[in-house]
Each structure stands twice: as structure tokens, then as C-alpha cells.
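Residue numbers (the numbering used here): 471 to 602. Note that CB positions come from ideal geometry on N, CA and C, so glycine has one too.
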Amino acid sequence: KKQNRLPAYYSASDALIVPSLYESFGLVVLEALACGTPVLLSRIGQMSRIIEEGKNGFSFQAGDPQSIADTIERFFELKEQFWTNEMIREGIIRRFSWDRAASEIFAAFVSLQVESRGATNIFRCGESPQPN
């Protein structure tokens with residue numbers, strides 16, 4: 471399957487460049503970072519919040535060819551100062567794992583329960599609720 475080859479392509483690349491003008495969040499960015507590949511992307515939507523400038527990538531002004539060119543040049547000048555591929559991979563997995571997402575969603579539900587009911591009977595993920 472073609473999809474199965476993607477990690478090898480990401481890993482073989484120096485960087486992924488995402489010059490999007492409209493896409494506010496792209497799965498391709500997470501896929502590349504999960505493979506340890508730095509990302510250079512436009513500063514639009516939520517995508518640029520994923521990048522830690524100079525560590526796992528750079529961002530540039532959307533729609534500005536000179537900004538894109540300057541960012542690519544800066545990347546290759548500073549490439550050796552970036553996090554290692556393993557650090558990039560671990561960082562993104564830590565921030566965007568399914569376990570973390572589930573915990574954050576659960577915490578949001580608990581927070582809503584407390585706010586809406588003034589509940590005092592709160593339990594943590596993995597624990598059973600105790601009757602009042």
C-alpha cells in the first residue's frame with residue numbers, strides 16, 4: 471500500500487515544506503514530525519503552533535515567496551542546531567498521543583460536570599466513581 475511507504479519518505483527527507491495558504495491544520499505535519507522530520511510551514515491557523523522555532527522546524531509568512539526562500543536557507547544554515555530526529559519524534563508523540571488527547575477530553579468533561587452541577591464527587595481516569 472502506498473500509505474505504508476510514507477514513513478520511509480518522511481524519514482529520508484531533510485524537511486517537509488508546507489506552504490499552505492488556507493489549510494489551518496494538516497495531518498501531514500504531525501506525520502512528518504512523528505517520523506522525526508523537521509517541518510517548515512506557513513504561519514496560518516493552528517499548524518504554526520505545533521512548531522517550536524529552531525527545534526523541530528520553522529514557520530514563514532504565508533504567500534510570501536521571499537519568506538519561504540529565507541526560511542529554507544535559514545533551516546539549512548541552522549540544521550545542525552535542531553533537535554535530533556529522535557527528539558522531534560518524542561516531542562510530537564508526547565504532545566499529540568491518543569492517551570494525552572483522551573486525558574484532556576476527560577478532564578474537560580469533568581470540568582463541565584463540576585461547573586454545571588457543582589459536583590463534589592469527581593473521579594480520575596481509571597478510577598470508579600464513588601457514591602455520595
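- For residue 522, the three-state secondary structure derived from DSSP is coil.
- Exclusion of the five residues before and after residue 494 leaves 514, 515, 516, 517 as the residues of its chain whose Cβ lies within less than 8 Å of its Cβ.
- The beta-bridge partner set that DSSP reports for residue 510 consists of 487, 528.
- In the three-state reduction of the DSSP assignment, residue 480 falls in the helix class.
- Below 8 Å, enough C-beta pairs join the region 528-542 and the region 474-494 to call them touching: three or more.
- The Cβ atoms of residue 503 and residue 485 lie no closer than 7 Å to each other.
- Here residue 558 really is in contact with residue 508; their C-beta atoms are around 6 Å apart, less than 8 Å.
- A Cβ-Cβ contact shorter than 7 Å links residue 500 with residue 566.
- Rounded to whole angstroms, the Cβ separation of residue 556 and residue 524 is 17 Å, and the two are not in contact under 8 Å.
- If you compare the alpha carbons of 540, 534, 520, 569 with that of residue 497, the shortest gap goes to 520.
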